[in-house]
Structure formats: C-alpha cells, structure tokens
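As structure tokens, the structure follows; a few thoughts come after it.
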Amino acid sequence: QVQLVESGGGLVQPGGSLRLSCVASGSISSFYFMQWYRQLPGKQRELVAGIMKGGITNYPEFVKGRFTISRDNAKNTVYLQLNNLKPEDTGVYYCCAIGVQSYWGQGTQVTVSS
7 QVQLVESGGG
17 LVQPGGSLRL
27 SCVASGSISS
37 FYFMQWYRQL
47 PGKQRELVAG
57 IMKGGITNYP
67 EFVKGRFTIS
77 RDNAKNTVYL
87 QLNNLKPEDT
97 GVYYCCAIGV
107 QSYWGQGTQV
117 TVSS
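By the working numbering, the letter at position 93 of the sequence shown is numbered 99, and the numbering carries on one by one without gaps.
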C-alpha cells in the first residue's frame with residue numbers, strides 16, 4: 007500500500023504560479039506512470055500531466071507550455087509546476103501513481119482569483 011500526499015495548493019492571482027508536490031510513502035520508481043489530474047467545479051476529473059518511468063512526459067493541449075511535471079525518485083516525489091494560471095484552472099489537483107496497482111492522493115485545492 008502506497009500513500010500519496012499532495013501539497014502546495016493555495017490562492018494565487020491570475021498569471022501567477024504554484025508548485026505542487028506529491029510525496030509517496032514508498033518508492034515511486036516502480037510505477038509505470040505518475041500523473042496529475044484535476045477536478046474543476048461541476049466537472050469530471052481530467053488528466054493535466056503525466057510522466058513515464060523513463061521520464062517521458064505528456065500533456066493535454068490545454069496546458070501545454072504552462073504546466074510542467076517532473077519527478078525525483080530519490081525523494082519519492084512528483085512535482086507539478088503551474089505557470090500563467092487562469093481562473094479556469096481553479097479546482098482540486100490530484101496525484102496518481104499507476105502500476106500493478108494504482109493509488110490516488112487526497113488532492114490539493116488550487117484557486118486562481120484576483
């Protein structure tokens with residue numbers, strides 16, 4: 007059993023930045039994918055970034071150039087750098103580890119507002 011704990015969310019003005027962290031209770035090096043999802047108010051959860059075991063990353067078009075995912079296997083941590091945030095990015099951001107089993111964190115709230 008692996009626990010994922012997200013942090014780094016908060017209130018930021020439009021155009022601002024946040025760095026989210028996801029710390030795992032065990033090694034993340036064995037997971038095929040580490041991903042970040044978000045759930046906007048009234049909408050389904052959606053993928054915003056993924057990073058494969060070998061370091062290859064993928065992003066949906068709507069975040070390309072603004073969000074960056076990275077991982078530090080030594081620290082069992084995955085990061086999501088959020089830049090040029092918009093009010094429509096407001097929501098709960100979740101970390102997900104996909105392997106033989108998949109695990110989810112509890113989420114961290116990101117609010118973009120002036």
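Beta carbons: idealized from backbone N, C-alpha and C, even for Gly.
Residue i classed as buried or exposed, judged by whether at least 16 other C-beta atoms fall within 10 angstroms
i	result
residue 80	exposed
residue 78	exposed
residue 91	buried
residue 122	For the chain, the structure presents residues 7 to 120; residue 122 sits outside this window and is missing.
residue 106	exposed
residue 38	exposed
residue 73	buried
residue 75	buried
Residues near residue i in its chain [Cβ-Cβ closer than 8 Å; skip 5 each side]
i	result
residue 25	14, 85, 86, 87, 88
residue 66	52, 53, 54
residue 83	27, 28, 29, 30, 34, 77
Residues that residue i bridges to, as DSSP identifies them
i	result
residue 95	Answer by DSSP bridge pairing: none, since residue 95 is not bridged.
residue 116	16, 97
residue 11	29
residue 108	104
Whole-Å CB distance - residue i paired with residue j, under 8 Å assumed
i	j	result
residue 35	residue 8	Their Cβ separation, rounded to whole angstroms, is 12 Å, which puts residue 35 and residue 8 out of contact at 8 Å.
residue 104	residue 41	7 Å
residue 111	residue 28	6 Å
residue 12	residue 109	No, residue 12 and residue 109 are not in contact; Cβ-Cβ is about 12 Å, not under 8 Å.
residue 47	residue 16	The pair is not a contact, with the Cβ atoms about 17 Å apart (cut-off 8 Å).
Same chain, Cβ closer than 7 Å to residue i, five either side skipped, listed in chain order
i	result
residue 93	20, 118, 119
Neighbourhood of residue i by C-beta, 6 Å cutoff - its chain only, sequence neighbours within 5 removed
i	result
residue 22	91
residue 64	56
residue 59	38
residue 115	15, 98
Taking only runs of the beta strand (DSSP E) that begin and end inside the region 28 to 101, which ones reach a length of at least 3 residues, in chain order? 39 to 45, 51 to 58, 73 to 78, 83 to 88
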